[in-house]
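Protein chains in written order, with the working numbering: chain U, 13 to 278; chain S, 13 to 278; chain D, 13 to 278.
Each residue gets a CB set at the ideal place from its N, CA and C atoms; glycine is no exception.
Written below as structure tokens is the structure these notes are about.
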Amino acid sequence: MRVITLLTDFGASDPYVAETKGAILSRCDEAVIIDITHQVEPYNIKQGAFLLLLAYKFFPHDTIHVAVVDPGVGTGRRGLVLKTRNYWFIGPDNGILYPAAADDGLEQYFEIDLEKYPKIGGETFHARDVFGPVAGELAAGLEPAMREVDVESIVKLEILATRFEGDEAQAEILHIDRFGNVVLNIDESGVPGHLRPGCDVMIGLGGKQYRARFVKAYGDLPAGSLLITFGGTGLLEIAVSEGNASSLLRAKPGQKVELRISPSSQ
Amino acid sequence: MRVITLLTDFGASDPYVAETKGAILSRCDEAVIIDITHQVEPYNIKQGAFLLLLAYKFFPHDTIHVAVVDPGVGTGRRGLVLKTRNYWFIGPDNGILYPAAADDGLEQYFEIDLEKYPKIGGETFHARDVFGPVAGELAAGLEPAMREVDVESIVKLEILATRFEGDEAQAEILHIDRFGNVVLNIDESGVPGHLRPGCDVMIGLGGKQYRARFVKAYGDLPAGSLLITFGGTGLLEIAVSEGNASSLLRAKPGQKVELRISPSSQ
Amino acid sequence: MRVITLLTDFGASDPYVAETKGAILSRCDEAVIIDITHQVEPYNIKQGAFLLLLAYKFFPHDTIHVAVVDPGVGTGRRGLVLKTRNYWFIGPDNGILYPAAADDGLEQYFEIDLEKYPKIGGETFHARDVFGPVAGELAAGLEPAMREVDVESIVKLEILATRFEGDEAQAEILHIDRFGNVVLNIDESGVPGHLRPGCDVMIGLGGKQYRARFVKAYGDLPAGSLLITFGGTGLLEIAVSEGNASSLLRAKPGQKVELRISPSSQ
């Protein structure tokens with residue numbers, strides 16, 4: 013029993029995800045395949061990399077993570093297999109694997125020999141024709157067609173974290189989730205000790221100012237209250253209790269957000 | 013091999029469902045995880061409870077059902093494990109488990125010792141940090157950290173069924189499905205014997221009157237016909253053959269519907 | 013371990029897919045169930061048949077494919093089990109199984125004895141009450157209640173392919189995928205040898221003319237370029253590099269498209 017995860021921008025309406033799973037199961041019928049998400053915005057490598065970074069670490073040791081957001085499929089871009097401290101990562105060499113793999117601790121880097129994997133109908137579907145088969149081979153204990161390469165040669169992509177300086181932080185919106193929670197690029201290590209539950213934080217976004225209470229849980233304030241908390245991502249989130257903060261704030265991924273711990277509340 | 017189902021309001025675009033599955037598989041890599049749905053309207057406990065009530069009984073004996081619609085996560089609300097005649101139910105103590113568990117026959121009630129389960133990054137994601145791990149432990153034959161409690165202490169939620177009185181019924185819309193079928197809170201036991209296929213039923217909704225034929229199958233009438241039938245839910249449904257009844261009737265969940273068996277058709 | 017795939021028009025918000033999976037697992041708890049898609053347009057048998065035709069062949073030998081788009085459920089229409097060279101196909105006798113099964117090579121045709129399978133709550137949900145159970149029985153090595161019938165009696169449905177005549181082709185749009193790629197009914201065998209990468213193709217659609225470069229991979233042209241290529245479906249596709257061709261061309265499934273290999277580019 014070997015877990016393989018899939019993260020793509022293929023959506024749910026086309027047969028592309030299923031074909032990739034079929035290709036995996038044709039090589040390893042013992043594989044347990046888990047979807048991370050297939051709703052990455054088309055071609056948005058950075059969003060895919062961020063979601064993989066969030067999710068990868070909750071899977072069992074030796075899980076094989078396959079991530080494919082791949083506008084360069086069939087051109088010169090390489091296919092990678094990365095061995096990290098606890099996992100394997102497989103996908104295109106465009107940065108999508110890098111933040112998660114580096115976070116876990118890179119150990120070995122392989123370039124897939126793309127010529128060894130037959131393409132069906134065109135050069136446009138490497139998830140099914142290359143990365144799925146490579147994952148299935150790894151899961152079945154076989155050796156994929158690949159050779160070790162130097163880490164310096166692989167495409168890197170950074171998801172920049174920031175931190176408070178004194179009472180202030182210049183953050184960026186990394187993601188907006190289904191609940192309208194606005195996920196920022198600040199984790200627990202970036203927050204000063206004097207930001208404690210009950211403090212207020214002033215939020216500057218799109219030319220407007222908002223006041224939010226810092227709490228431990230969404231439900232610590234009445235429904236409709238604007239709040240700031242550490243979400244399930246481990247990152248600072250602006251949220252509305254039983255509501256939708258991104259609608260209220262007209263927030264979008266990529267926007268800058270100014271945070272200031274309010275003096276009155278310290 | 014042990015089946016675990018998941019029902020949440022997490023959607024398909026975020027990594028939350030996958031992280032919960034990873035947490036389960038990290039404790040029991042033999043678990044077979046089946047999604048009931050993750051498209052419950054955010055925070056809508058009653059809708060989640062209704063969908064769980066519909067689906068739970070079609071799974072194998074001893075299936076573990078995990079349901080998480082959880083606006084109160086991280087506040088005082090408890091986490092529950094319910095043992096019923098044929099199944100296990102795991103989730104927050106806010107009523108979401110109650111209709112299904114009571115329908116199957118409650119046998120034992122446990123409160124999870126939330127302190128024993130480490131929270132990652134905040135108090136906001138008990139599906140991944142508590143309920144998933146508890147389900148994985150149960151599936152692996154381990155004893156979760158929990159203690160038996162009294163049934164009187166758990167939060168109850170009723171999904172009210174109604175019935176015809178003579179030729180008339182005052183029903184409520186419980187759900188509108190993807191086909192636009194309008195699901196009412198009347199099951200077979202609530203319908204008089206003289207409502208037979210071929211009868212007409214007058215439908216009063218939103219100040220308008222509609223006439224629908226009672227049939228055994230959607231396709232018993234030509235495409236476009238308004239009809240009333242027992243759907244796959246086992247409940248009375250207003251539908252349009254190969255069409256969308258909710259668009260035609262501008263129907264919404266929670267609305268009242270008056271039904272009257274038409275004299276001309278008896 | 014036996015793979016069963018599901019393709020339906022049930023969507024992701026209702027419990028219908030999960031109930032079908034529960035019915036399968038109740039008969040065969042070793043089954044590995046893979047979703048092809050549940051986002052077929054409601055009642056669109058032809059679209060379901062097309063997506064099944066694309067996906068079926070990537071699964072392991074002996075996979076059981078269950079496909080249910082079923083406006084005629086509960087009326088006189090029959091339920092089928094088709095044995096082909098490499099697979100099994102199960103679903104309603106309305107043509108949805110036919111293109112894929114015929115493509116693989118039909119060997120045996122069975123009609124399900126619908127009376128032997130109890131319907132729960134009505135005649136409206138054969139995926140859960142008939143086709144799922146039949147698939148589970150097959151996967152468990154049991155004999156479903158069915159009898160062999162003549163191939164002439166089953167409903168056929170053709171997905172018409174076309175081909176270039178000289179430099180011109182009159183094609184049809186079969187599908188538009190999540191990336192806005194416009195999939196045409198021409199495969200590699202329908203394209204003349206002198207259409208080589210680098211050629212231009214004139215596209216006539218909706219009264220307008222467009223010029224597209226024929227390439228091997230989406231990324232062979234700069235972002236925003238209109239192109240034509242063999243997609244992962246094995247069919248000719250009109251696409252925009254890192255963009256959305258269906259938005260640009262206002263293309264819809266079923267539309268006619270005129271293709272002409274441009275003289276200047278040969």
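Suppose the cutoff is 6 Å on Cβ atoms and the five residues either side in sequence are ignored; what does the same chain contact list for residue i look like?
| i | result |
| --- | --- |
| E53/D | Q59 |
| A282/S | Summary: the structure shown does not reach residue 282/S, with chain S confined to residues 13 through 278, and so no result is reported for it. |
| G255/S | G236 |
| R97/S | D116, G117 |
What does a CB cutoff of less than 8 Å around residue i pick up in its chain, not counting 5 residues either side in sequence?
| i | result |
| --- | --- |
| N193/D | G243, E249, I250, A251, A257, S258 |
| D162/U | Y121 |
| P234/S | S253 |
For a quick check, are the C-beta atoms of residue i and residue j less than 8 Å apart?
| i | j | result |
| --- | --- | --- |
| P72/D | L37/U | yes |
| A229/S | T87/D | yes |
| V81/U | T20/U | yes |
| A217/D | L238/D | At residue 217/D the sequence reads Leu, which differs from the Ala that was named. No, Cβ-Cβ distance for L217/D and L238/D is not below 8 Å. |
| P104/U | G134/U | no |
| Y99/U | K168/U | no |
| I185/D | K264/D | yes |
| V195/S | P209/S | no |
| A24/D | A24/U | yes |
| R39/U | A152/U | yes |
| L126/S | V142/S | yes |
Quick one: Cα of residue i to Cα of residue j, how far?
| i | j | result |
| --- | --- | --- |
| I57/D | M214/D | 32 Å |
| H206/D | A224/D | 16 Å |
| Q51/S | P27/S | 14 Å |
| D41/S | F101/S | 20 Å |
| A61/D | D115/D | 12 Å |
| H138/D | R90/D | 11 Å |
| E200/S | N106/D | 30 Å |
| E170/U | Q221/U | 29 Å |
| V15/D | G202/S | 41 Å |
| Y129/D | M158/D | 11 Å |
| T49/S | F22/D | 12 Å |
| I273/U | D179/U | 5 Å |
| V78/S | D232/U | 24 Å |
| D74/S | I188/D | 42 Å |
| A173/D | L64/D | 16 Å |
| G266/U | T241/U | 19 Å |
| Y55/D | V44/S | 30 Å |
| K131/D | Y68/S | 17 Å |
Using C-beta distances below 7 Å, list every residue in its chain close to residue i, excluding the 5 sequence neighbours before and after it, in chain order.
| i | result |
| --- | --- |
| Q278/S | No answer about Q278/S holds up, because its pLDDT of 43 lies below 50 and its placement is not dependable. |
| L66/U | T245 |
| P156/S | V93, I124, V146, E149, L150 |
| K268/D | Q182, E184 |
| E160/U | Q120, Y121, F122 |
Tell me which residue opens and which closes the beta strand (DSSP E) that residue i is part of.
| i | result |
| --- | --- |
| A224/D | 220–226 |
| R272/S | 268–273 |
| I215/U | 212–217 |
| V15/D | 14–20 |
| G103/D | 100–104 |
| L207/S | Neither: L207/S is in no beta strand (DSSP E) and is coded neither H nor E. |
| L239/U | 238–242 |
How is the alpha helix (DSSP H) around residue i delimited, first residue to last?
| i | result |
| --- | --- |
| V252/S | Careful: V252/S lies outside any alpha helix (DSSP H), inside the beta strand (DSSP E) at 247–252. |
| L261/S | 257–261 |
| K33/D | 28–39 |
Does the Cβ of residue i lie closer than 7 Å to at least one heavy atom of the ligand HEM?
| i | result |
| --- | --- |
| G103/D | Summarising the ligand content, the structure contains no ligands, and the ligand HEM is consequently not present. |
Segments assigned beta strand (DSSP E), at least 3 residues, entirely inside the segment 113–193 of chain S: The segment 113–193 of chain S is shown to contain whole beta strand (DSSP E) runs of 3 or more residues at 118–124, 158–160, 180–188, in chain order.
Contiguous alpha helix (DSSP H) assignments of at least 4 residues, all confined to the segment 49–92 of chain U: Complete alpha helix (DSSP H) runs here, min 4: 57–67.
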